[in-house]
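Below is one structure, written out as structure tokens, with a few remarks after it.
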Amino acid sequence: MNIREKVSKNLKDAMIKKDTNLINTLRLILAAIKERDIISKGKGHDVEVNDKVIISLLQSMIKQRKGSIELYVQGNRVDLAKKEENEIKIISNFLPSQLSKQEIDEIINNTIKSNEVNSMKDMGKVIKIIKEQYDGMMDFGYVSKVIKEKLSNL
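Just so we're on the same page, our numbering is the position in the sequence shown counted from 1, plus 59.
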């Protein structure tokens, strides 16, 4: 079952349970996916977007909500911050499980060693290799920071 089908199934279940918060968030996800489908078809692609695109979309939705949480906390709107946190939890359920920082560090070290990387010029190469294998499974902001640290110490 792909992500789109999981979201649709969960929406039906949420409607049966009358869980309005869950229903609203799942509808937002489906609307964002359909918007990507429309954009994709506008570019001449004939098929719906795949799970890889949907994962990227979900990650950007989470990133937006994290930014909103910061603003709400600064503005003393804890109620809205909690709502955004709940949406993040719901959206996260459809992402592949995230790797721990220890696992990420190990992957970075192995990639640097196995590809004989020895300067900051190769940072993009390392990120590209890791992204090909682990896209959606880690925070690439963190990955970028760690790679930069490790390469600057070489």
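The C-beta atom is built at its ideal place from N, Cα and C for all residues, glycine as well.
- Might you give, ordered along the chain, the residues of its own chain that have their beta carbon closer than 7 Å to the beta carbon of D164, omitting 5 neighbours on each side? Excluding positions up to five away in sequence, the list reads V205.
- Task: Tell me, to the nearest whole angstrom, how far the beta carbon of A91 is from that of M60; I am working on the premise that it is less than 8 Å.
- Result: Rounded to the nearest angstrom, the Cβ distance from A91 to M60 is 19 Å, too far for a contact under 8 Å.
- Could you pull out every residue in the same chain whose Cβ sits closer than 6 Å to the Cβ of S67, ignoring the five residues on either side in sequence? Hits under 6 Å: none found.
- Message: Excluding the 5 residues flanking I188 on each side, which residues of the same chain have their C-beta closer than 7 Å to its C-beta?
- Response: Around I188: T170, N174.
- Message: Distance check for G200 and E191, CA to CA, integer angstroms please.
- Response: Going by the C-alpha atoms only, they are around 16 Å apart.
- From E143, D138, Q133, V108, pick the residue whose C-alpha is nearest to that of K122; which is it? Comparing Cα-Cα distances from K122 to each of E143, D138, Q133, V108, the minimum goes to E143.
- Query: Alpha carbon to alpha carbon, what distance is there between H104 and L116?
  - Reply: Whole-angstrom Cα-Cα distance: 18 Å.
- Along the chain, where does the alpha helix (DSSP H) that runs through G101 open and close? Looking at the DSSP string, the run of the alpha helix (DSSP H) that includes G101 is 79 to 101.
- Is the segment 82 to 90 in contact with the segment 149 to 163, if contact means three or more CB pairs nearer than 8 Å? These segments touch.
- Message: Between I62 and D96, how many whole angstroms is the CB-CB distance? I'm expecting something under 8 Å.
- Response: Between D96 and I62 the Cβ distance is about 13 Å, and since that is not below 8 Å, they are no contact.
- Query: My guess is that P155 and M196 are in contact by the Cβ rule of under 8 Å, so how many angstroms apart are they, rounded?
  - Reply: Between M196 and P155 the Cβ distance is about 5 Å, and since that is below 8 Å, they are a contact.
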